[in-house]
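For the sequence shown, the numbering used here assigns the number 3 to the initial residue and increments by one for each residue that follows.
Positions of the beta carbon are idealized from the N, C-alpha and C atoms, including for glycine.
Please read all numbers here as calculations on a predicted model, not as lab measurements.
Report on one structure; see the data block that follows.
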Amino acid sequence: MKKQLLFCSFVLALVFGISAASTEVAAQTDEPIAGGYGDASATDKEVKSAAAFAVKTRSKNTKRTITLVKILKAELQVVAGLNYRICMTVREGRTTRTATAVVYRDLQNRKSLSRWKNGACTDL
């Protein structure tokens, strides 16, 4: 009888322990995911530099005059270097539009435009 009572106590402790642990893990999902994007300030000098680089590179690649109007949102991802995901308003000729760009800055501080997408702020 003592063995059964001890066994039942152990099982209950195990079940409640697992339940508490899963609640704790669920509560942590609001935190940034390691390796994922986190918010960055649109006024940060490195974000501004990455946005200017993206616009200049896109303008050169498309052979069109594109100018940066405003940075709407910026995110940063730490990789072997940094990824800047920037949503911005740009002007192309007389047209103003929203675009999202990803600029990669490597460990030697060299930048490259990884992605550019016209339209609303989106995850690329």
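Contact defined as beta carbons within less than 8 Å: I believe L70 pairs with V57. What is the distance between those atoms, to the nearest angstrom? To locate residue 70, count along the sequence shown from 1; it is residue 68. To locate residue 57, count along the sequence shown from 1; it is residue 55. Right, their Cβ atoms sit about 5 Å apart.
List the whole-angstrom C-beta distance separating A101 from L115, where the pair is believed to meet the contact cut-off of C-beta under 8 Å. Counted from its first residue, the sequence shown places residue 101 at position 99. Counted from its first residue, the sequence shown places residue 115 at position 113. Incorrect: roughly 11 Å between the Cβ atoms, too far for contact.
Considering only their Cβ atoms, is the gap separating A76 from A44 smaller than 8 Å? The count along the sequence shown starts at 1 and reaches residue 44 at position 42. The count along the sequence shown starts at 1 and reaches residue 76 at position 74. Cβ distance < 8 Å, so A44 and A76 count as in contact.
Please identify the residue among Q110, V80 and W118 whose C-alpha is closest to the C-alpha of N63. Indexing the sequence shown from 1 puts residue 63 at position 61. If we check each option's Cα against that of N63, W118 comes out closest.
Consult DSSP for N63 and reduce its assignment to one of helix, strand or coil. Translated into the one-based positions of the sequence shown, residue 63 becomes position 61. Three-state result, N63: helix.
Residues bridged to Q79 by DSSP? Looking up residue 79 in the sequence shown gives position 77. Partner(s): N85.
Bridge partners - L115, DSSP secondary structure assignment: Looking up residue 115 in the sequence shown gives position 113. Paired residue(s): V105.
Can you look up A54 in the DSSP assignment and give me helix, strand or coil? The residue given as residue 54 occupies position 52 in the sequence shown. Helix at A54.
Count the other CB atoms within 10 Å of the CB of A52; is the residue buried (16 or more) or exposed (fewer)? If you number the sequence shown from 1, residue 52 lands on position 50. Burial call: buried.
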